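**Q**
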Amino acid sequence: MAYTQKFFFLLLSSFAIIRMASAADPDITSDFVLPSNLTAPVDGSFFTFTGIRALVGKPLPPNFKVTKVSMAELPALNGQSVSFAALEFPAGTTNPPHTHPRSAELLFLIQGSLQVGFVDTTNKLFSQTLQTGDMFVFPKGLVHFQYNADAQNPAIALSAFGSASAGTVSLPATLFTTSIDDTILAKAFKTDVATIQALKSGLAPKP
């Protein structure tokens, strides 16, 4: 575990300076961009994110969890064309099919194994089973997923993005939790309204 933690921090340091070739953010004409409402003096704290500390040495959550380090969490990323995420997969959990409309994703698996894949614009599936130390790229805007098929062991991955705000569009949430009419969805998926309502019920937030 100590080795994994050291590796984890080394990757955080290295991924923080990655500028992926597919970066979509506009170039800036200054070294960095300050928020318009910033009143405190700028020092090293402005460029620091400490939220990943909470993941080190702690038990994994019961469900899949992503810890994002985007412009929303670290305003210093504005204009820098880079962001980051730590992905925690307890045994048997999945990151459901989703897209990142503004960036490709470069995933590095630091613990466990993952089944990953994406579907291109011709509806061809590209999939792979990753082992610790493997990397996989999900092209910009394409539907993709990650799944920890191991019923006993967790998996942890780190992802870098070529945008300070890559965006995430989750297909299950977008389709079944946004008030799209049940009849429309039933016709689109060639099923009945009762099936659509059951899917919506399963995805509804738990009280």
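Under mature numbering (1 follows the signal peptide of the UniProt record, and there is no 0), the letters of the sequence shown match residues -23 to -1, 1 to 184, in that order.
Glycine included, each C-beta is placed from N, C-alpha and C at the ideal position.
Here the structure is a predicted model, which is why all the values come from computation and not from measurement.
A165 and M48 look like a contact to me (Cβ under 8 angstroms); what is the Cβ gap, rounded to whole Å?
**A** Here residue 165 refers to the residue found at position 188 when the sequence shown is read from its first residue. Here residue 48 refers to the residue found at position 71 when the sequence shown is read from its first residue. Between M48 and A165 the Cβ distance is about 34 angstroms, and since that is not below 8 angstroms, they are no contact.
**Q** Identify the continuous beta strand (DSSP E) that holds A134 and give its terminal residues.
**A** As a working mapping, residue 134 is identified with position 157 in the sequence shown. 132 to 138 is the span of the beta strand (DSSP E), which, as asked, contains A134.
**Q** Assuming K45 and S80 are in contact, meaning their beta carbons sit under 8 angstroms apart, how far apart are those beta carbons, in whole angstroms?
**A** In the sequence shown, the residue the question calls residue 45 occupies position 68. In the sequence shown, the residue the question calls residue 80 occupies position 103. 12 angstroms between Cβ atoms; not a contact.
**Q** Helix, strand or coil: which one does DSSP assign to A150?
**A** For the purposes of this step, residue 150 is identified with residue 173 of the sequence shown, where counting begins at 1. In this structure, A150 counts as helix in the three-state DSSP scheme.
**Q** Since K45 sits in a beta bridge, which residues does DSSP pair it with?
**A** What you label residue 45 is simply residue 68 of the sequence shown in a count that begins at 1. Note: K45 sits in a beta bridge opposite A62.
**Q** Which term fits Q108, buried or exposed, when burial requires 16 or more other beta carbons within 10 angstroms of its beta carbon?
**A** The count along the sequence shown starts at 1 and reaches residue 108 at position 131. Exposed.
**Q** On the premise that A62 lies in contact with I29, defined as a C-beta separation below 8 angstroms, what is that separation, rounded to the nearest angstrom?
**A** Along the sequence shown, one-based indexing puts residue 29 at 52. Along the sequence shown, one-based indexing puts residue 62 at 85. Their Cβ separation, rounded to whole angstroms, is 10 angstroms, which puts I29 and A62 out of contact at 8 angstroms.
**Q** Taking just the CA atoms, how far does T154 sit from F23?
**A** Stepping through the sequence shown from its first residue, residue 23 is reached at position 46. Stepping through the sequence shown from its first residue, residue 154 is reached at position 177. Taking the straight line from one Cα to the other gives about 36 angstroms.
**Q** Classify D169 as buried or exposed, calling it buried when 16 or more other Cβ atoms lie within 10 Å of its own Cβ.
**A** In the sequence shown, the residue the question calls residue 169 occupies position 192. Flag for D169 reads exposed.
**Q** Pair every Cβ in the region 64 to 71 with every Cβ in the region 120 to 140, then say whether three or more of these pairs are closer than 8 angstroms.
**A** Contact between the region 64 to 71 and the region 120 to 140 is present, because at least three Cβ pairs lie under 8 angstroms.
**Q** Per the contact definition of three or more C-beta pairs closer than 8 angstroms, is the region 72 to 91 in contact with the region 145 to 162?
**A** Contact holds: three or more Cβ-Cβ distances are below 8 angstroms.
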